[in-house]
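All residue numbers for the sequence shown refer to our numbering, where the first residue is 40 and numbers rise by one.
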Amino acid sequence: MWYSLDPQAEHVLQQLLAYEGTRPVESLLGQADAESRYATYTFALAALQGHPRVIEGLKEVAARFEARARQEWRRGHMDQALLLVRQGLHFQPRHTGLTTLEQFMRSKVWEKQRAQIMAELLAQAKGHMEEARVIESKGDNAFDYYNAVLLLDRNSREAREGLTRISQRLTEDAESARQAGDLDRSLALIDQGLRVDPEGSGFHALKDAVAEEQRALGEKHRRLVAQWLERAQGQLQSGRLTTPPGDNAFETYRMLLAVVPGQAEALAGLEQIAERCVQLAEAAQEPGHV
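And the structure:
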């Protein structure tokens, strides 16, 4: 009968229908030139693609693989379930049930993998927070790990809360540095905070406050330098070059240089003192000097 197959091919078809998915399809079907009782079907399948019994048989095989895959999936055996789907698609690449199931399974597997990756990233971020590696050490800090989580899930509550904690810590540290008078460190921390929260009004307000303090401090510093220079010039003109202690040009210029290293007028003043001292020493050696 036209619908019938030779006994060996029919037997293999029945074996496929009963297949439980415990070994790869390739080993079940056999390979060319391999001694296998299933090898004949491999070649028969290629030669009889349009045979009604083959067509119906492959539909049954695909349905069987789909059923077995769903069963393994319900048991939680994701890898085995996907293997069965791929094996079923080997026989019917366009089988609707199998292709739909494969897409569903792959999405669920990815969700599981993503959850595992996110858990690892969050653990790393937490460790960096505890060790105060908040934003420094690029690529290996809490800020970068939380952002990596958001790349996988932009709505991650844990990651967003982590970034909020980073912002709060940087705000507190920047304010502490400002209160301690370390305005440069305060500004550095504020700049880090703006990387975390570019729109953070707190950081912008704090930055404005620090800038104002720097301006005021700069003005005060300039006035103080001017006062010291005026004092030293008066001491120089009155001949108080190195004495008396606490009220002489040499000490005033040295004090100014300790605060403003390299201050040009102070350096010039020390040179003047040195020249005056040389002049006084030479004059003391002249004949008739009392």
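Ideal Cβ placement from N, Cα and C applies to all residues, glycine included. This one's a predicted model, so the numbers in the text were calculated from it and none came from an experiment.
Collapsed DSSP secondary structure at residue i in the structure displayed
i: Gly-25; result: Here the chain covers residues 40 to 329 and nothing more, so residue 25 does not appear.
i: Ala-102; result: helix
i: Gln-291; result: Before going on, a small fix: residue 291 reads as Thr here, not Gln. Three-state result, Thr-291: helix.
i: Leu-280; result: coil
i: Ser-240; result: helix
i: Arg-172; result: coil
i: Asp-183; result: helix
i: Lys-165; result: helix
i: Lys-177; result: coil
i: Asp-247; result: helix
i: His-134; result: coil
i: Gly-285; result: coil
i: Arg-153; result: helix
i: Arg-262; result: helix
i: Arg-107; result: helix
i: Val-317; result: helix
i: Arg-114; result: coil
7 Å Cβ cutoff met for residue i and residue j
i: Arg-217; j: Val-249; result: yes
i: Gln-131; j: Leu-97; result: yes
i: Asn-180; j: Arg-172; result: yes
i: Tyr-185; j: Gly-201; result: yes
i: Leu-121; j: Met-144; result: yes
i: Ala-108; j: Leu-123; result: yes
i: His-129; j: Ala-101; result: no
i: Ala-303; j: Tyr-292; result: no
i: Met-168; j: Val-148; result: no
i: Gln-126; j: Phe-104; result: yes
i: Ser-153; j: Leu-191; result: Before going further, note that residue 153 is Arg rather than Ser in the sequence given. Contact: yes.
i: Trp-267; j: Leu-296; result: no
Own chain residues within Cβ distance below 8 Å of residue i, not counting five before or after
i: Ile-229; result: Leu-209, Ala-213, Phe-242, Leu-245, Lys-246 and Val-249
i: Val-235; result: Ile-174, Phe-182, Leu-202, Ile-205, Ser-206 and Leu-209
i: Glu-252; result: Arg-217 and Leu-222
i: Cys-316; result: Leu-280 and Thr-281
Span of the alpha helix (DSSP H), counted from its first residue to its last, around residue i
i: Ile-28; result: Any property of residue 28 remains undetermined from this structure, which presents the chain solely from 40 to 329.
i: Gln-126; result: 117-130
i: Arg-204; result: 196-218
i: Gln-302; result: Segment: none, Gln-302 is in no alpha helix (DSSP H) and carries neither H nor E.
i: Asp-192; result: Taken as a continuous stretch (DSSP letters only), Asp-192 belongs to no alpha helix (DSSP H), as it is neither H nor E.
Closer than 7 Å to chain D by CB, residue i
i: Ala-158; result: This model lacks chain D altogether; it includes just one protein chain.
Burial state of residue i, where buried means 16 or more other Cβ atoms lie within 10 Å
i: Gly-308; result: buried
i: Glu-141; result: buried
i: Gln-318; result: exposed
i: Arg-254; result: exposed
i: Trp-112; result: buried
i: Ser-176; result: exposed
i: Gln-155; result: exposed
i: Tyr-80; result: Caution is warranted here: a pLDDT of 45 is assigned to Tyr-80, below 50, making its placement in the model unreliable, and the coordinate value is therefore given only provisionally. Result: buried.
i: Ala-198; result: buried
i: Ser-381; result: Since the first residue of the chain shown is 40 and the last is 329, residue 381 is not available in this structure.
i: Ala-313; result: exposed
i: Ala-164; result: buried
Close Cβ partners of residue i (< 6 Å) along its chain, the five nearest in sequence each way excluded
i: Asp-223; result: none
i: Pro-63; result: For Pro-63, the predicted model reports a pLDDT of 47, less than 50, meaning its position is unreliable; a value from the coordinates is still stated below. Taken in chain order, the list of residues that qualify is empty.
Residues near residue i by beta carbon distance below 7 Å, same chain, minus five either side
i: Arg-279; result: Asp-286, Asn-287 and Ala-288
i: Gln-311; result: Leu-275
i: Gln-272; result: none
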